[in-house]
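Asker: In the numbering used here, the protein residues as written are 1317 to 1403. Here you go, one structure.
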Amino acid sequence: MSSGISASKEVIESFKDYIDNSHRCIILTISNEVLSPTATIPGSSDLISDLSSITSKITTTEPCYIIIKEDNASSISTSNYYFISWN
């Protein structure tokens, strides 16, 4: 069953960029039943240091999805990702 929410072309391109360039985080929002990228955050070598950059891009009034890449992953096949639904 589908939720009826589709990914925009920008989400697909932003996600490719996120993976290809080893960014730390991508933030997505839903507007008019379409998922759109809000921010892609480059990462340092330390997730804790990157949290302030991530939290500066989210608000308590706008729901979003946040995908965060864990530290110390040498390739996409060994990477751990966290998916957060922020309300």
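C-beta atoms are modelled at their ideal positions from N, C-alpha and C, and glycine is treated no differently. Being a predicted model, the structure only gives us computed values, none of them experimental.
(1) Since residue 1356 sits in a beta bridge, which residues does DSSP pair it with?
(2) To the nearest angstrom, how far is the alpha carbon of residue 1330 from that of residue 1358?
(3) To the nearest angstrom, how far is the alpha carbon of residue 1382 from that of residue 1399?
(4) Just to check my reading of the structure: residue 1373 and residue 1354 have Cβ atoms closer than 8 Å, yes? What is that Cβ distance to the nearest angstrom?
(5) Helix, strand or coil, according to DSSP, for residue 1374 in the structure here?
(6) Give the straight-line distance between the Cα atoms of residue 1396 and residue 1385, rounded to the nearest whole angstrom.
Answerer: The relevant details are as follows:
(1) 1342
(2) One C-alpha to the other measures close to 12 Å.
(3) If I take the Cα positions, the gap works out to 6 Å.
(4) Here residue 1373 really is in contact with residue 1354; their C-beta atoms are around 7 Å apart, less than 8 Å.
(5) DSSP places residue 1374 in coil when its eight states are reduced to three.
(6) 6 Å
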